[in-house]
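Asks: The structure that follows is given in the form of structure tokens.
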Amino acid sequence: MSLTVLRSLAECLTASDVGVSVSQKIWGLELDLAVANIMATIRLRRLLTSGSCLLRTKPSTIRHPPRCAPPQTTLISKTRLYSSTTVRRQAEAPDVFHSQIEDPNAASFLSSYKAPAPVPQTLTEKIIQKHSLGLPDGKYVQQSDYVTIAPHVVMTHDNSWPVALKFMSIGASKIHNPRQLVMTLDHDVQNKSEKNLKKYRQIEEFAKKQGVDFYPAGRGIGHQIMVEEGNMYGGIGCLGTAVVRTDAASIWATGRTWWQIPPIAKVTFSGVLPVGVTGKDVIVALCGLFNNDEVLNHAIEFTGSEQTMRSIPVDDRLAIANMTTEWGALSGLFPIDSVLQGWLRFKATEAAMYKSAGLTSSSTAYRFNHQRLDELFENQPSADRGAKYAKYLHLDLSTLSPYVSGPNSVKVATPLNELEAQDIKINKAYLVSCTNSRASDLAAAAKVFKDAAAANNGVIPKIPDHVNFYIAAASLPEQQAAEEQGDWQALLDAGAKALPSGCGPCIGLGTGLLEPGEVGISASNRNFKGRMGSTDAKAYLGSPEVVAASALQGKIAGPGWYERPASWTGIVRGEGDGVKEEDRMISIEDALERITAQADNLVEDGEKAIGARDAPAADEPSAALTDILPGFPAKVEGEIVWCEGDNINTDVIYPGKYTYQDDITPQKMAEVTASRSLDAVLKSIARKVQHDMGATKTT
Numbered sequence: 001m002s003l004t005v006l007r008s009l010a011e012c013l014t015a016s017d018v019g020v021s022v023s024q025k026i027w028g029l030e031l032d033l034a035v036a037n038i039m040a041t042i043r044l045r046r047l048l049t050s051g052s053c054l055l056r057t058k059p060s061t062i063r064h065p066p067r068c069a070p071p072q073t074t075l076i077s078k079t080r081l082y083s084s085t086t087v088r089r090q091a092e093a094p095d096v097f098h099s100q101i102e103d104p105n106a107a108s109f110l111s112s113y114k115a116p117a118p119v120p121q122t123l124t125e126k127i128i129q130k131h132s133l134g135l136p137d138g139k140y141v142q143q144s145d146y147v148t149i150a151p152h153v154v155m156t157h158d159n160s161w162p163v164a165l166k167f168m169s170i171g172a173s174k175i176h177n178p179r180q181l182v183m184t185l186d187h188d189v190q191n192k193s194e195k196n197l198k199k200y201r202q203i204e205e206f207a208k209k210q211g212v213d214f215y216p217a218g219r220g221i222g223h224q225i226m227v228e229e230g231n232m233y234g235g236i237g238c239l240g241t242a243v244v245r246t247d248a249a250s251i252w253a254t255g256r257t258w259w260q261i262p263p264i265a266k267v268t269f270s271g272v273l274p275v276g277v278t279g280k281d282v283i284v285a286l287c288g289l290f291n292n293d294e295v296l297n298h299a300i301e302f303t304g305s306e307q308t309m310r311s312i313p314v315d316d317r318l319a320i321a322n323m324t325t326e327w328g329a330l331s332g333l334f335p336i337d338s339v340l341q342g343w344l345r346f347k348a349t350e351a352a353m354y355k356s357a358g359l360t361s362s363s364t365a366y367r368f369n370h371q372r373l374d375e376l377f378e379n380q381p382s383a384d385r386g387a388k389y390a391k392y393l394h395l396d397l398s399t400l401s402p403y404v405s406g407p408n409s410v411k412v413a414t415p416l417n418e419l420e421a422q423d424i425k426i427n428k429a430y431l432v433s434c435t436n437s438r439a440s441d442l443a444a445a446a447k448v449f450k451d452a453a454a455a456n457n458g459v460i461p462k463i464p465d466h467v468n469f470y471i472a473a474a475s476l477p478e479q480q481a482a483e484e485q486g487d488w489q490a491l492l493d494a495g496a497k498a499l500p501s502g503c504g505p506c507i508g509l510g511t512g513l514l515e516p517g518e519v520g521i522s523a524s525n526r527n528f529k530g531r532m533g534s535t536d537a538k539a540y541l542g543s544p545e546v547v548a549a550s551a552l553q554g555k556i557a558g559p560g561w562y563e564r565p566a567s568w569t570g571i572v573r574g575e576g577d578g579v580k581e582e583d584r585m586i587s588i589e590d591a592l593e594r595i596t597a598q599a600d601n602l603v604e605d606g607e608k609a610i611g612a613r614d615a616p617a618a619d620e621p622s623a624a625l626t627d628i629l630p631g632f633p634a635k636v637e638g639e640i641v642w643c644e645g646d647n648i649n650t651d652v653i654y655p656g657k658y659t660y661q662d663d664i665t666p667q668k669m670a671e672v673t674a675s676r677s678l679d680a681v682l683k684s685i686a687r688k689v690q691h692d693m694g695a696t697k698t699t
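So the sequence shown is residues 1 to 699, counted in this note's numbering.
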């Protein structure tokens, strides 16, 4: 703790409160106690329960606090009080050390302190806490806990009919909570075969019978619809993660499922996004700069100063959160802040207008309305001070430039200017997918062509003959917005080819797939080998404006909107929070929080010691939070399947284009999985090894 903070604390403490380190025996433990810290904690709690004092420290002055006025609200708690999640720093405040312990009439500090969480929680843990069922009294969920949760919404898409078959196979006939479900048709929407259309009809009829929200083919991609109507959900402060079909069926039947809270990584952003750098550049850079599985199977929480987070609009947050899956994470969560509040308020007003005009369902207005938003932002959740994370990473956004991913891997990311110098010719460009085909993305792409037209006496430039440029909006409302702004037509006038709103090329389905030997660049999220077509093609990922500029120039290129500062020395990133110790400044709240945490840790250690000393020997193990079934058997037999390496991508596990062939046989599944995992050379080696072993099975 800095001397400045200690001096300010001294203004509220008597001289006798400050002492030297002594050794005392408490509860049988030999502990070194800092008397100043303990007494400061005691005095702080007295202040919190008896009134409020002004503790505001300026860089050059320390003001003596006035006498504490009688409280209008009394807070009594036997446990540590945590700052309300609604407390926000005032950007205009000149104080280096700012405290919100104001007079009782200011509804900032005392009124915002709530019943404390004895265990500081991350934002992820708080959301899980809210939706957990059957927790013991006083239980605060933490990383690695197994919990039973009731998700707010579960979305299924083209897989809805296979889920329905599983649902019916367990004897279920009625959806537990129809409002909990959303069904969309979005993946194979270009497939007009009778078999696919029959499946689509079955899904629609099932949804209608059960009273479930249903969105037909062409309405939009499910993940985008969820954002409009209800791992991308993290961009709007919702915890979203994937479930398999069996788990989805169980949620349909019971309204609940199980989840193990994963390790949680905190990614701290600093600086602000430069002009010409987008959220897509951020996540592409993260995937390439931290490409050693740093966040594999983690839940990510993105954080930063108010100024930093203001530079990341919601559409960019959606793109970042969307691609945390490709980074290896189970979820990607942004804070609930003023940027999100403005976006949600607009959506609520829009939903109300559409409802009054009969253009949207009542469920949409139910999910997006100002009353619900009032409740949310009155007690908006945020991570507690002192919350523990499994990993800490940081990235200075101001040092980023446009980035491109690939070829054929998100773990390979290269600054755009380096690829431009290589003169990489392309055959296809794609502005599609739930990652980057919203109205703002279409506008950015259209601006590339509009700028080129302005530089060409108003003549709209045409895409070269050897390039095919495909566009598909993330949803019908996003396309309509782009049409109203003239951006959709600008892209068509330049030669872009429109596809129906849906996944399409992103998952290797429909028109415009990459042929052998071709090179493509896409604004989507996955460029795995063979994902968008032939395994002999090369796929790159970039922002909408880079995709548009590449289509216009016939090679990987940018629009020239970014200018690297002369003082640039490299990207600032790494492990930790990115703040140098010599530059670290501590606020009064943080100082008091640290003192309180130290004292509480001492008390907790003492209580544990008493419990360990006095507790009678247990006759049997205590009950766990959740009963866990036995794991895999000690011995497993099966045919050898050779993989390319550790942490293989989903298309190596099972190719995307086969995902929605519901009648595929197990033998065919095994064939396509093995054939996509191995090239001819590796296959021959595998066969020779198996032959030399004299067996086709292993244990």
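Just so you know, even glycine gets a beta-carbon here, dropped at the ideal spot from N, CA and C.
Keep in mind it's a predicted model, so treat the numbers as computed, not measured.
1) Given this structure, state the Cα-to-Cα distance separating Leu-514 from Gln-371, to the nearest angstrom.
2) With H, G and I counted as helix, E and B as strand and the rest as coil, what does DSSP make of Ala-299?
3) I need the straight-line Cα distance from Gly-700 to Pro-516, nearest angstrom please.
4) For a test of the three-state rule: what should DSSP assign to Lys-208, helix, strand or coil?
5) Within 10 angstroms of the Cβ of Ser-160, are there 16 or more other Cβ atoms? Answer buried if so, exposed if not.
6) Quick one: Cα of Ala-686 to Cα of Asp-663, how far?
7) Could you give the uninterrupted runs of the alpha helix (DSSP H) lying entirely in the segment 273-318, keeping only those of 4 residues or more?
8) Please state whether DSSP places Val-339 in a helix, a strand or coil.
9) For His-223, count neighbouring Cβ atoms within 10 angstroms of its own Cβ and tell me buried if that reaches 16, exposed if not.
10) Is Phe-346 buried or exposed, if buried means 16 or more other CB atoms sit within 10 Å of its CB?
11) Helix, strand or coil for Ile-729, going by three-state DSSP, please let me know.
12) Between the Cα of Gly-578 and those of Asn-196, Met-353, Leu-397, Leu-181, spot the shortest distance and give me the residue it belongs to.
13) Can you tell me the Cα-Cα spacing of Leu-133 and Ala-150, whole angstroms?
14) Are the beta-carbon atoms of Ala-548 and Leu-492 separated by less than 9 Å?
15) Buried or exposed for Lys-195, please, with buried defined as at least 16 other CB atoms from any protein chain shown within 10 angstroms of its CB.
16) Based on the DSSP output, what are the partners of Ile-521 in its beta bridges?
17) Does DSSP put Pro-750 in a helix, in a strand, or in coil?
18) From the DSSP output, in three-state form, read off Ser-108 for me.
19) What three-state label does DSSP hand Ser-501 in the structure shown?
20) Have a look at Tyr-146 and Lys-391 and give me their C-alpha separation to the nearest angstrom.
21) Relative to the alpha-carbon of Gly-486, which residue among Ala-421, Trp-258, Asn-369, Ala-446 has its alpha-carbon at the smallest distance?
22) If you compare alpha carbons, which of Thr-148, Val-546, Ser-534, Gln-690 is closest to Gly-656?
23) Rounded C-beta distance between Ala-481 and Ser-501? I'm assuming under 8 Å.
24) Quick check on Trp-327: buried or exposed, where buried means 16 or more other Cβ atoms within 10 Å of its Cβ?
25) Cβ atoms of Asn-527 and Asn-427: under 9 Å apart, would you say?
26) By how many angstroms is the C-alpha of Leu-165 removed from the C-alpha of Tyr-716?
27) By Cβ distance below 6 Å, which residues in the same chain neighbour Ile-571 in space, the five residues on each side in sequence not counted?
28) At the level of alpha carbons, what is the spacing between Gln-700 and Thr-511?
29) With 16 as the cutoff for other CB atoms within 10 Å, does Lys-126 come out buried or exposed?
30) When the Cα atoms are used, what is the spatial distance from Ser-173 to Glu-205?
31) For Ile-261, which option in Leu-442, Ala-429, Gln-121 has the closest C-alpha, if you only look at C-alpha atoms?
32) Could you check if Ser-356 is buried or exposed, using at least 16 other CB atoms within 10 Å of its CB as the buried criterion?
33) Just to confirm my understanding: we take Asp-692, look at its own chain, exclude 5 residues before and 5 after, and list those with CB closer than 8 Å. What are they?
34) For the segment 367-415, list the beta strand (DSSP E) runs that are entirely contained and at least 3 residues long, ordered along the chain.
35) Does the beta-carbon of Val-244 have 16 or more other beta-carbons within 10 angstroms, so that it is buried, or is it exposed?
36) Counting beta carbon pairs with one atom in the segment 233-250 and one in the segment 202-221, are three or more of them shorter than 8 Å?
Replies: Well, looking at it:
1) 48 Å
2) strand
3) This structure leaves residue 700 out entirely; the chain is present only between 1 and 699.
4) helix
5) buried
6) 29 Å
7) 279-289, 306-310
8) helix
9) buried
10) exposed
11) Outside the modelled stretch of the chain, which goes from 1 to 699, sits residue 729, for which no answer is possible.
12) Leu-397
13) 7 Å
14) no
15) exposed
16) Ala-429, Tyr-540
17) Limits of the chain in this structure are 1 at one end and 699 at the other, which puts residue 750 out of reach.
18) Residue placement at Ser-108 cannot be trusted, given a pLDDT of 34 that sits under 50; the coordinates are not used to answer.
19) coil
20) 20 Å
21) Ala-446
22) Ser-534
23) Ala-481 to Ser-501, Cβ: 12 Å. No contact.
24) buried
25) no
26) Since the first residue of the chain shown is 1 and the last is 699, residue 716 is not available in this structure.
27) Thr-399
28) Missing from the structure shown is residue 700; the chain here goes from 1 to 699 and no further.
29) buried
30) 14 Å
31) Gln-121
32) exposed
33) none
34) 391-396, 403-405, 413-415
35) exposed
36) no
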